[in-house]
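>
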Amino acid sequence: MSQLETPLFDVLLKHRNRHPIQFHIPGHKKGQGMDPAFREFVGDNVLSIDLINIAPLDDLHSPKGAIKHAQDLAAEAFGADHTFFSVQGTSGAIMAMILTVVGPGDKILVPRNVHKSTMSAIVLAGAIPIFIHPEVDEEYGIAHGISVESVEKALKTYPDAKAMLVINPTYFGFATDLKQIVDIVHSHNIPVIVDEAHGVHIKFHDEMPISAMEAGADMAATSVHKLGGSLTGSSVLNVREGLVSVNRAQSILSMLTTTSTSYPLLASLDTARRQLAVHGYDLIDNAIRLAKDARKRINKIPHLKVAGREKLHSSATYDMDPTKLLISVKDLGITGHQAEEWLRHNANIEVELSDLYNILCLITLGDTKKEINLLVNALQRMSLAFESEAAVKETNVNVPEIPALAMSPRDAFYASTEVIPFDEAAGYICAEFIMVYPPGIPIFIPGEIIDQGNIDYIKMNIEAGLPVQGPEDQSLKTIRVIKERKPIY
Ligand SMILES: Cc1ncc(COP(=O)(O)O)c(C=O)c1O
0 MSQLETPLFD VLLKHRNRHP IQFHIPGHKK GQGMDPAFRE FVGDNVLSID LINIAPLDDL
60 HSPKGAIKHA QDLAAEAFGA DHTFFSVQGT SGAIMAMILT VVGPGDKILV PRNVHKSTMS
120 AIVLAGAIPI FIHPEVDEEY GIAHGISVES VEKALKTYPD AKAMLVINPT YFGFATDLKQ
180 IVDIVHSHNI PVIVDEAHGV HIKFHDEMPI SAMEAGADMA ATSVHKLGGS LTGSSVLNVR
240 EGLVSVNRAQ SILSMLTTTS TSYPLLASLD TARRQLAVHG YDLIDNAIRL AKDARKRINK
300 IPHLKVAGRE KLHSSATYDM DPTKLLISVK DLGITGHQAE EWLRHNANIE VELSDLYNIL
360 CLITLGDTKK EINLLVNALQ RMSLAFESEA AVKETNVNVP EIPALAMSPR DAFYASTEVI
420 PFDEAAGYIC AEFIMVYPPG IPIFIPGEII DQGNIDYIKM NIEAGLPVQG PEDQSLKTIR
480 VIKERKPIY
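The opening position of the sequence shown corresponds to residue 0 in numbering that gives the first Met the number 0, with each subsequent residue numbered one higher.
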């Protein structure tokens with residue numbers, strides 16, 4: 000096996016070059032039956048490999064040929080015992096991980112700042128989440144990782160937990176002391192599964208936090224598409240043998256996966272793995288250098304600051320990915336959303352996300368000095384444009400409290416519910432997910448007690464123009480709660 004090989008991509012090219020006469024789906028047949036405008040735009044190459052699981056191309060649901068070979072190469076590159084490709088994003092891989100390790104009534108230790116796919120899987124599994132409070136950053140208004148001490152406390156309180164989920168690193172690039180957490184949790188014979196949506200590249204450079212597989216975790220859902228150069232929606236599930244059943248993980252991933260798996264997505268995973276394995280170090284090194292330069296220059300712009308290694312002071316903020324530029328704009332007297340809009344309309348720049356206080360810009364394998372200069376220049380202009388507001392406004396950082404869980408998310412999801420005015424919901428038990436997207440971290444999950452502080456926090460986000468998602472009533476004038484049983488007189 001050589002990391003220079005791309006077995007799946009090669010098989011697709013070989014098949015395409017034979018020009019077989021297709022009597023199978025997809026019905027567009029190499030684009031011939033497709034709307035011409037779209038066909039011309041995307042080009043014949045990609046359409047010629049938009050194929051289906053006929054024998055020469057192997058089958059993701061039961062791989063024995065080129066897909067198996069490509070997955071084995073990926074496992075070698077990521078340091079896993081087995082790698083499974085996902086065409087359902089990292090969300091699909093996370094759901095498969097969780098359903099592999101917990102079932103109805105099982106307890107799973109999770110940080111509260113998990114992505115909604117984790118909570119969706121917990122609802123589907125009927126598991127009981129035991130939330131661990133992440134370390135909260137009062138300066139930037141974000142959640143970091145969980146501390147080793149809080150993991151120890153959780154294990155002592157819930158020795159019957161069936162699994163532990165860790166986020167490594169967070170959306171903002173901060174990483175907990177994963178190795179120590181894995182060792183502690185393993186000493187209780189409990190598997191550690193990792194949401195590695197923002198960490199596909201970290202294995203390939205020594206200035207990055209430790210990867211899940213390097214730390215000895217049992218499973219990791221890793222977004223190749225986010226920062227590893229594959230097509231959107233393609234991810235991997237890395238698995239280590241021992242505490243989890245590899246066959247169960249594979250069959251659950253298959254249960255959650257479409258039977259019409261996209262070969263362009265699969266081929267992009269095969270080629271992204273080659274690029275990461277062969278050229279990853281140099282490409283990531285370049286991104287790190289660019290980001291360090293940007294960080295230094297942005298920190299010199301009046302009223303802006305970028306989170307850096309000065310934030311690393313505990314086991315919850317143990318390491319960081321330097322290619323994430325978390326830029327605080329609050330001292331400029333504006334919200335992150337205003338900064339996002341200003342950059343869109345005045346500099347044609349699109350950021351990764353904005354929140355009440357920050358914007359997040361990602362420096363990746365795809366960047367050059369030119370983009371860095373454009374970003375720094377635009378931020379200098381933005382700072383000047385809001386100079387007068389910076390002088391008059393002082394912004395306090397408000398971080399939402401974590402609500403208490405009153406019943407299991409699954410029980411709440413299936414309970415009798417009613418719709419009540421959002422303003423009057425304090426004290427009721429929430430029956431739906433409410434989150435700000437991105438980053439897609441729920442403010443409320445089904446089963447949590449709604450409190451006034453969180454209602455106010457959601458309103459602040461709506462007023463700031465940030466996208467609050469999840470509720471049935473998108474205007475959030477009403478909210479679905481667990482129906483209260485009134486006494487009968
Ligand atoms: C922490 C985290 N986990 C999981 C996901 C889900 O990844 P995907 O969009 O590939 O389904 C995201 C997406 O933003 C995320 O931020």
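Every residue gets a Cβ at the ideal spot worked out from N, C-alpha and C, and that includes glycine. Computed from a predicted model, the values in this text were never measured in an experiment.
With a threshold of 8 Å, establish whether the CB of K225 neighbours any heavy atom of ligand 1.
yes
> Taking only heavy atoms of ligand 1 into account, decide whether any of them is closer than 8 Å to the Cβ of I121.
no
> Is the Cβ-Cβ distance between K482 and T416 less than 9 Å?
yes
> From which residue to which residue does the beta strand (DSSP E) around M96 run?
Boundaries for M96: no beta strand (DSSP E) harbours it, while the alpha helix (DSSP H) harbouring it runs G88 to V100, taken from the DSSP string.
> Is the beta carbon of D194 within less than 8 Å of some heavy atom of ligand 1?
yes
> Entirely within the region 186 to 267 and at least 3 residues each: give me those beta strand (DSSP E) ranges in chain order.
191 to 195, 218 to 221 and 234 to 238
> Can you list the beta strand (DSSP E) stretches of 3 or more residues lying completely in the region 322 to 400, in chain order?
323 to 327 and 357 to 361
> Is the beta carbon of H197 within less than 8 Å of some heavy atom of ligand 1?
yes
> Is the CB-CB distance between I209 and D71 below 9 Å?
no
> Using a Cβ-Cβ distance under 9 Å, would V199 count as near chain D?
This model lacks chain D altogether; it includes just one protein chain.
> Identify the residues that DSSP records as bridge partners of I141: which are they?
D136
> Based on DSSP bridge pairs, tell me the residues matched to R288.
Paired residues: none, contrary to the question.
> Using a Cβ distance threshold of 8 Å, determine whether the region 363 to 375 contacts the region 418 to 434, with at least three qualifying pairs required.
no
> Tell me which same chain residues have a C-beta within less than 6 Å of the C-beta of I333, skipping the five on either side of it?
Sequence-distant partners of I333 (beyond 5 residues in either direction) whose C-beta falls short of 6 Å from its own C-beta, in its chain, are F385.
> Relative to the alpha-carbon of D136, which residue among M406, N357 and V375 has its alpha-carbon at the smallest distance?
N357
> My guess is that G446 and K323 are in contact by the Cβ rule of under 8 Å, so how many angstroms apart are they, rounded?
No, G446 and K323 are not in contact; Cβ-Cβ is about 32 Å, not under 8 Å.
> Could you tell me if N44 is buried or exposed, where buried requires 16 or more neighbouring beta carbons within 10 angstroms of its beta carbon?
exposed
> Please tell me whether A271 and G232 are closer than 9 Å, where the distance is taken between their beta carbons.
Result no, Cβ atoms of A271 and G232 do not sit closer than 9 Å.
> Can you tell me where the alpha helix (DSSP H) holding L7 begins and where it ends?
P6 to N16
> Please classify G104: is it buried, with 16 or more other beta-carbons within 10 angstroms of its beta-carbon, or exposed?
Exposure of G104 is indicated by the presence of fewer than 16 other C-beta atoms within 10 angstroms of its C-beta.
> Tell me whether G32 is buried or exposed, calling it buried when 16 or more other Cβ atoms sit within 10 Å of its Cβ.
exposed
> Over what stretch of residues does the beta strand (DSSP E) that includes R479 continue unbroken?
Residue range T477 to I481 is occupied by the beta strand (DSSP E) that includes R479.
> Using only the alpha-carbon positions, how far apart do D182 and M218 sit?
14 Å
> Assuming L154 and V113 are in contact, meaning their beta carbons sit under 8 Å apart, how far apart are those beta carbons, in whole angstroms?
Between V113 and L154 the Cβ distance is about 18 Å, and since that is not below 8 Å, they are no contact.
> Cβ of T258 within 8 Å of any heavy atom in ligand 1?
no
> Cβ of I461 within 9 Å of Cβ of P470?
no
> Less than 8 Å between the CB atoms is what I'm expecting for R343 and E349, so what's the real figure, rounded?
6 Å
> Identify which residue in V418, I192 and F443 has its Cα closest to the Cα of I401.
F443
> Is the number of C-beta pairs between the region 122 to 130 and the region 76 to 91 that are closer than 8 Å three or more?
no
> Identify the residues that DSSP records as bridge partners of P62: which are they?
BP columns for P62 are empty, so no partner.
> Mind checking whether the beta-carbon of I93 lies closer than 8 Å to any heavy atom of ligand 1?
Within the cutoff, so yes.
> Can you give me the start and stop residues for the alpha helix (DSSP H) that T156 sits inside?
V147 to T156
> On the criterion of 16 or more Cβ atoms from any shown chain inside 10 Å, does I440 qualify as buried, or is it exposed?
Flag for I440 reads buried.
> Is the CB-CB distance between L108 and I131 below 9 Å?
yes
> Cα separation between A174 and T5?
31 Å
> Rounded C-beta distance between I457 and V467? I'm assuming under 8 Å.
Their Cβ separation, rounded to whole angstroms, is 6 Å, which keeps I457 and V467 in contact under 8 Å.
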